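Step one of this worksheet: look at the structure below.
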Amino acid sequence: MEEQRTRLSGGPPWARGGGPPWRWRHGPPWWNDGDDEAAESRPRRPWRSTLLLTVFVQVGSNFAAQEQESVRESLGLFARALLFVGTLLLLWRHRYPVFVVFGVAASALLYFGAGYPYGPIFLTVALACFSAVVAGHRRAAWAALGMLWVAHLLEGHWLYQWLPPNDDTVGDWGEDVSVAAWMVAIAAVSELVRVRREQWDRDRTERRQAARRRADEERLRIARELHDVLAHSISVINVQAGVGLALLDSDPDQARTALTTIKAASKEALGEVRQVLDTLRTHGDAPRAPAPGLDRLPELVEQAASAGLTVGVETQGKRRTLPPGADLAAFRIVQEALTNVVRHSGSRHARVLVGYEDDALKLRIDDDGPATGADAGGSGNGLAGMRERAAALGGTIEAGPREDGGFRVLAVLPLEHKAKPAELKEDR
0 MEEQRTRLSG GPPWARGGGP PWRWRHGPPW WNDGDDEAAE SRPRRPWRST LLLTVFVQVG
60 SNFAAQEQES VRESLGLFAR ALLFVGTLLL LWRHRYPVFV VFGVAASALL YFGAGYPYGP
120 IFLTVALACF SAVVAGHRRA AWAALGMLWV AHLLEGHWLY QWLPPNDDTV GDWGEDVSVA
180 AWMVAIAAVS ELVRVRREQW DRDRTERRQA ARRRADEERL RIARELHDVL AHSISVINVQ
240 AGVGLALLDS DPDQARTALT TIKAASKEAL GEVRQVLDTL RTHGDAPRAP APGLDRLPEL
300 VEQAASAGLT VGVETQGKRR TLPPGADLAA FRIVQEALTN VVRHSGSRHA RVLVGYEDDA
360 LKLRIDDDGP ATGADAGGSG NGLAGMRERA AALGGTIEAG PREDGGFRVL AVLPLEHKAK
420 PAELKEDR
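Here the sequence shown is numbered in numbering that gives the first Met the number 0, starting from 0 and rising by one per residue.
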């Protein structure tokens, strides 16, 4: 009883939800043409435009009948039915354009053959033809128009003797030509709209593909950045964690130094990860910190030293300011190469050569090997990431074992424009 009183006092079930069921808020279900996903994937029936056209055709035909009362048959029930059928078929013009264009043409053919007055019925034929052409069924539209014109020609010059009105005379060729011109104009406008719509569809598809490519390139760039940042820092952390565990009991001071290195490396990694992820916050936001470049090469040397790797750096040519993209790529390539030495090489010494040329930057990273052959926990994307970075700038990467047993990474990055030389002392 309490539940029943609650229902009665609260009004109908949909009142508690703020109104009637959503299917009925914009008309009954048959008006909305379904609401499931399958119905939404199909073209909706144009109820409103068809209803307006039906009223216009019915009312306009009355005025046309008054103007042609002396030469054409008066509108009767059969004429009204033909007008209604012609406009009713237009409800399916988006789903079944071929059927609709022939159906509308047939109803117009019967209408004219019965001697009823010319008038707005031509609009139904025009709209059906337009829908068929835009949907890509050009031949069907032209065939329907041709059928209608040939039938009109036969009715006006041969069959008029047996068709109403009884006092009808032979048709005027000028009228037939004007009807043909009218039909050609309908087809031409439909073709123009079809071409423009196809162009719009192609442009929209190209824009979507371009946006998708930009999104893929951005995801790839962020993935490379995160890989390079995390791979290098985690490799240092991994080495120092092993040192700390090994010396925790025998040499606590050295173990403390290893933990300090881990803390510093993890802090730096977090900072660089935040910098990369900041670009994802809002479209158009600029990074809060400048992208790393070769000016941070000493930091890489220090981090490698903390992992037990001695790195010698040599510079050839006059150092100068590099384009941001080339500077970042050079830094990441050296970083990844040193990370691979820490992970995969038994050598504790590496050499980095930075060569500044007129139109290119050359990088060479060598270690004396041998390869350890142990799984260092990497993703296996290091060399691929370096090649992608170089290829994005039009450069090349060569990586492979040397004849003496070591490993070499050789990168050539072309410079798009010559940077102004900086008055910096060469490192030899």
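Note that CB positions come from ideal geometry on N, CA and C, so glycine has one too. As the structure is a prediction and not an experimental result, all values here were calculated from the model.
- Taking Cβ positions, are V333 and I364 nearer each other than 8 Å? Yes, they are a contact pair.
- For I99 versus R92, is the C-beta distance shorter than 8 Å? Residue identity check: residue 99 is Val in the sequence provided, not Ile. Taking 8 Å as the cut-off, the beta carbon of V99 is found closer than this to the beta carbon of R92.
- Task: Determine the direct distance from the alpha carbon of E335 to that of G307, and round the result to whole angstroms.
- Result: Rounded to whole angstroms, G307 to E335 spans 16 Å at the Cα level.
- Rounded straight-line distance, which links the Cα of S177 to that of F129: One C-alpha to the other measures close to 19 Å.
- Rounded to whole angstroms, what's the CA-CA distance from D250 to R347? Just pull it up for me. Each residue's Cα considered, the two are about 22 Å apart.
- Query: Taking buried to mean at least 16 other C-beta atoms within 10 Å of its own C-beta, is R331 buried or exposed?
  - Reply: By the Cβ-count criterion, R331 is buried, with 16 or more other Cβ atoms from all chains shown falling within 10 Å of its own Cβ.
- Query: Since R102 and E72 are thought to touch, with beta carbons under 8 Å apart, how far apart are those beta carbons, to the nearest angstrom?
  - Reply: The question names Arg, but residue 102 in the sequence shown is Gly. About 22 Å separates the two Cβ atoms, so there is no contact after all.
- Query: Does the beta-carbon of D326 have 16 or more other beta-carbons within 10 angstroms, so that it is buried, or is it exposed?
  - Reply: D326 is buried by the Cβ-count criterion.
- Item | G26 - DSSP class collapsed to helix/strand/coil | Confidence is the limiting factor: at G26 the pLDDT is only 42, short of 50, which leaves the residue's position unreliable, though a coordinate-based value still follows. DSSP places G26 in the strand class (E or B) of the three-state scheme.
- Which residues bound the alpha helix (DSSP H) around D403? Boundaries cannot be given for D403, as no alpha helix (DSSP H) includes it and DSSP labels it neither H nor E.
- Residue from L392, G384, S344 and L362 with nearest C-alpha to A370: The residue from L392, G384, S344 and L362 with its alpha-carbon nearest to that of A370 is S344.
- Message: For R44 and L90, which I take to be in contact (beta-carbon distance under 8 Å), what is that distance rounded to the nearest angstrom?
- Response: Distance from R44 to L90 at the Cβ level is roughly 5 Å; contact confirmed, criterion being Cβ atoms closer than 8 Å.
- Message: So, does the segment 204 to 220 touch the segment 305 to 323, judging by three or more C-beta pairs under 8 Å?
- Response: Contact between the segment 204 to 220 and the segment 305 to 323 is absent: fewer than three C-beta pairs spanning the two stretches fall below 8 Å.
- Nearest residue (CA-CA) to A290, options A257, L153, T259 and E224: It is E224 whose Cα lies nearest to the Cα of A290.
- Figure out for me which residue from R386, G381 and L362 has the closest Cα to the Cα of L409. Nearest of R386, G381 and L362 to L409, Cα basis: L362.
- Task: Could you check the C-alpha separation between L81 and A179 for me, to the nearest Å?
- Result: Approximately 22 Å, taken between the alpha carbons.
- Heavy atom of the ligand ATP less than 7 Å from the Cβ of A80, yes or no? The model depicted lacks the ligand ATP and carries no ligand whatsoever.
- Query: Which class does A359 belong to by DSSP, given the choice of helix, strand or coil?
  - Reply: Under the three-state reduction of DSSP, A359 is assigned to strand.
- CB of V56 within 8 Å of CB of L122, strictly: Yes.
- Would the beta-carbon of A131 fall within 8 Å of that of V97? A131 places its beta carbon less than 8 Å from that of V97.
- Message: Please identify the residue among L88, L108, E154 and S189 whose C-alpha is closest to the C-alpha of H136.
- Response: Of the candidates L88, L108, E154 and S189, the one whose C-alpha sits nearest the C-alpha of H136 is S189.
- Item | Neighbourhood of R407 by C-beta, 6 Å cutoff - its chain only, sequence neighbours within 5 removed | Residues D365 and R401 of the same chain have their beta carbon placed closer than 6 Å to that of R407, with the five preceding and five following residues left out of the count.
- Message: Please report the straight-line C-alpha distance between P297 and T309, rounded to a whole angstrom.
- Response: In a straight line, the C-alpha of P297 is about 12 Å away from that of T309.
- Buried versus exposed call for T204 [16 or more other C-beta atoms within 10 Å across all chains shown]: It is exposed - the Cβ of T204 has fewer than 16 other Cβ atoms within 10 Å.
- T314 bridges to which residues according to DSSP? DSSP output for T314 lists V353 as bridge partner(s).
- Drop a sphere of 10 angstroms on the beta-carbon of W199, count the other beta-carbons inside from all chains shown, and report buried for 16 or more, exposed for fewer. It is exposed - the Cβ of W199 has fewer than 16 other Cβ atoms within 10 Å.
- Message: For P413 and A328, which I take to be in contact (beta-carbon distance under 8 Å), what is that distance rounded to the nearest angstrom?
- Response: The pair is not a contact, with the Cβ atoms about 11 Å apart (cut-off 8 Å).
- Confirm, please, whether the CB-CB distance from S60 to L74 is below 8 Å. S60 is positioned such that its CB atom lies closer than 8 Å to that of L74.
- Task: Could you tell me the distance, in whole angstroms, from the CA atom of P116 to the CA atom of A64?
- Result: The C-alpha of A64 is placed about 6 Å away from the C-alpha of P116.
- Item | CA-to-CA distance, H226 to R386, given in whole angstroms | In this model, R386 and H226 are separated by some 14 Å (Cα to Cα).
- Measure the alpha-carbon distance for S433 versus A125 and round it to whole angstroms. Since the first and last residues shown for the chain are 0 and 427, residue 433 lies out of range.
- Query: According to DSSP, is L412 helix, strand or coil?
  - Reply: Here L412 sits in strand by DSSP.
- Would you mind working out which of G118, L144, E271 and A186 sits nearest A105, comparing C-alpha positions? For the residues G118, L144, E271 and A186, the minimum Cα distance to A105 belongs to L144.
- Query: In the structure shown, what three-state DSSP assignment does D326 receive?
  - Reply: Here DSSP, grouped into helix, strand and coil, assigns D326 to helix.
- Assigned exposure category for H25 - 16 Cβ within 10 Å defines buried: Here H25 scores only 40 on pLDDT, less than 50, and its place in the model should not be relied on; the value that follows carries that caveat. Exposed.
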